[in-house]
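In my numbering, the protein residues as written are 2 to 421. Don't be surprised by glycine CBs; every beta carbon is placed ideally from N, CA and C. Source: prediction; values computed, not measured. Everything below concerns the one structure shown next.
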Ligand SMILES: CC(C)(COP(=O)([O-])OP(=O)([O-])OC[C@H]1O[C@@H](n2cnc3c(N)ncnc32)[C@H](O)[C@@H]1OP(=O)([O-])[O-])[C@@H](O)C(=O)NCCC(=O)NCCSC(=O)C[C@@](C)(O)CC(=O)[O-]
Ligand SMILES: NC(=O)C1=CN([C@@H]2O[C@H](COP(=O)(O)OP(=O)(O)OC[C@H]3O[C@@H](n4cnc5c(N)ncnc54)[C@H](OP(=O)(O)O)[C@@H]3O)[C@@H](O)[C@H]2O)C=CC1
């Protein structure tokens with residue numbers, strides 16, 4: 002495998018796929034074993050990750066193909082339980098590839114920590130006193146993380162907000178911290194706790210919560226793609242995709258499902274690289290609702306040539322140091338497979354996968370419907386649950402898809418028929 006583009010990859014055996022992946026990514030035989038041999042996460046490691054450990058739990062690990070992002074080829078490590086997701090991502094990346102793939106960027110890696118102050122006698126005066134003493138606040142925070150500062154990060158700026166609430170006015174300080182290659186939760190929470198007494202001194206109030214915000218508006222990942230109308234099946238398909246997008250942009254009921262389709266691509270990469278899925282989900286959905294109405298995380302429009310232009314922008318608090326990324330052996334292989342040099346680069350890739358995933362889903366929805374592609378792959382799941390293997394499994398899948406009866410009872414009925 003010389004590039005991330007590989008037609009018919011899915012027809013290979015899992016062993017042959019891994020050989021191809023090794024050739025492209027340069028992972029060693031021992032590293033490959035970490036993902037191919039069950040039990041890579043030892044009980045000892047697991048016991049150090051969470052509490053009350055009694056075992057480990059496995060998910061399939063696959064690769065998204067055909068991705069070209071900022072002119073570089075990537076094989077995307079994806080861990081998910083849902084059939085058709087990797088096929089769909091690879092499918093969209095293949096269509097995008099014909100026209101240069103994805104172009105991604107980011108807004109930097111600044112996280113927000115919130116310090117909530119109550120019972121402030123003069124909130125407006127307190128706000129200005131906090132701004133006046135910004136340098137001292139920065140100094141107190143940065144003393145807590147010399148390593149981050151040494152690498153060029155640390156607290157850089159702050160915002161002060163006065164919020165009306167059911168218990169009266171509260172002053173909320175946003176510490177803006179460049180956490181570089183860390184997701185940053187631990188780093189910013191430590192700073193927020195350290196600076197709280199000084200904030201109380203400045204405001205005359207009482208500090209309550211000191212915690213990061215997952216609405217990471219200063220840590221956005223962005224990606225765009227232009228797909229030739231010919232790669233999509235013609236101008237009519239472009240129009241249909243734009244109509245599908247218009248529905249999501251206008252209606253929160255549809256936007257929730259549209260964005261779920263985006264997360265179908267995003268979360269598997271977040272899991273594979275050992276990052277925090279809840280942080281990414283909450284950030285994405287809060288960002289989608291920032292105008293007051295929950296809406297689509299992507300946009301789709303037509304350019305002057307009639308080709309389809311898609312964009313995505315969302316908070317992307319992922320890290321390469323800290324969290325599970327540095328503990329889970331498979332997460333380290335996933336990061337190595339990507340060959341990423343910074344957390345921002347990882348964020349750009351993840352946003353591009355989300356955009357690709359959305360394209361595949363809405364193209365299917367706007368044309369033939371989701372069931373043919375999705376259900377034909379889901380059928381393999383159902384046939385397997387019914388106990389089918391090998392040739393019999395393939396025959397049962399074929400029958401269920403052709404007869405449009407992808408149901409467990411029918412798979413069981415066919416199982417009986419083929420076992421006679
Ligand atoms: C499923 C496909 C890709 C079939 O699509 P197709 O047109 O039958 O595919 P194809 O045979 O023309 O193949 C095109 C490429 O797709 C990939 N591909 C094709 N088949 C496989 C496979 N078996 N295993 C791995 N990869 C596969 C592969 O890269 C292949 O290139 P090739 O290798 O042939 O050069 C298409 O129908 C599709 O993209 N569907 C979208 C499916 C989807 O979005 N699934 C997510 C679950 S549904 C959901 O949860 C989200 C949703 C829908 O509700 C979101 C929303 O509402 O917006
Ligand atoms: N609301 C939320 O989302 C919350 C999430 N979490 C969890 O927090 C975890 C992530 O915390 P995080 O702070 O990222 O992890 P860590 O605290 O483990 O790692 C970050 C630290 O690594 C050190 N470091 C070394 N090299 C670098 C570099 N190049 N760039 C940045 N930092 C570097 C820094 O200093 P030093 O060595 O001095 O530490 C930095 O503070 C996740 O597991 C998440 O689930 C926790 C609370 C809330």
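With a beta-carbon spacing of about 6 Å, residue 281 and residue 267 fall inside the 8 Å limit used to define contacts.
Pairwise C-beta distances place the region 207 to 224 in contact with the region 104 to 117, as three or more of them are shorter than 8 Å. Annotated three-state conformation of residue 122 is coil, per DSSP. Here the alpha carbon of residue 162 sits roughly 41 Å from the alpha carbon of residue 337.
The residue from 239, 230, 159 with its alpha-carbon nearest to that of residue 219 is 159. The continuous stretches of beta strand (DSSP E) do not include residue 405, and DSSP gives it neither H nor E. Within 10 angstroms of the beta-carbon of residue 314 lie 16 or more other beta-carbons, which makes it buried.
Between ligand 2 and the CB of residue 155, the shortest heavy atom gap is not smaller than 7 Å. In this structure, the beta-carbon distance from residue 358 to residue 260 does not fall below 8 Å. Residue 349 counts as buried, since at least 16 other C-beta atoms from the protein chains shown sit within 10 angstroms of its C-beta. If you check the CB distance, residue 179 and residue 154 come in under 8 Å. Spatial neighbours of residue 157 in its own chain (CB-CB distance under 6 Å, excluding positions within 5 residues in sequence) are listed in chain order as 177, 179. According to the DSSP assignment, residue 98 belongs to the alpha helix (DSSP H) that extends over 86 to 98. The beta carbon of residue 356 sits closer than 7 Å to those of 103, 224, 226, 299, 311, 313, all from its chain and outside the five residues before and after it, given in chain order. Contact holds between the region 376 to 396 and the region 74 to 94, because three or more Cβ pairs, one in each stretch, are under 8 Å apart.
Taking each of 41, 36, 201 in turn and checking the Cα distance to residue 128, the smallest one comes out for 201.
Runs of the beta strand (DSSP E) spanning 3 or more residues and lying entirely within the region 204 to 289 occur at 207 to 214, 221 to 228, in chain order.
Where residue 141 is concerned, the enclosing alpha helix (DSSP H) starts and stops at 135 to 144.
Taking residue 274 as reference, the option from 217, 81, 392 with the minimal CA-CA separation is 81. Looking at the backbone, the Cα of residue 371 and that of residue 365 are separated by about 5 Å.
As the crow flies, the alpha-carbon of residue 183 is around 38 Å from that of residue 233. Per DSSP, the continuous beta strand (DSSP E) segment holding residue 302 begins and ends at 299 to 303. In this structure residue 77 is buried. Its beta-carbon is surrounded by 16 or more other beta-carbon atoms within 10 angstroms.
Sorting 194, 230, 318 by C-alpha distance to the C-alpha of residue 207 places 194 at the top. A direct Cα-Cα distance of roughly 9 Å separates residue 93 from residue 362. Residue 271 counts as buried, since no fewer than 16 other beta carbons sit within 10 angstroms of its beta carbon. A check of alpha carbon separations from residue 3 across 25, 14, 19, 11 identifies 25 as the nearest.
Residue burial annotation: residue 49 is exposed, with fewer than 16 other C-beta atoms found within 10 angstroms of its C-beta. As a beta-bridge residue in DSSP terms, residue 316 pairs with 221. The alpha-carbon separation between residue 140 and residue 320 amounts to approximately 24 Å. The Cβ-Cβ distance between residue 37 and residue 19 falls below 8 Å. In the DSSP assignment, residue 68 is bridged to 75.
In this structure, residue 196 lies near residue 138, with their beta-carbon atoms less than 8 Å apart. The Cβ-Cβ distance between residue 284 and residue 216 falls below 8 Å. Of the residues 29, 167, 43, 351, the one whose Cα lies closest to the Cα of residue 328 is 43. Scanning its chain for C-beta atoms nearer than 7 Å, with the 5 sequence neighbours on each side dropped, one finds around residue 407 the residues 376, 379, 380, 383, 401, in chain order.
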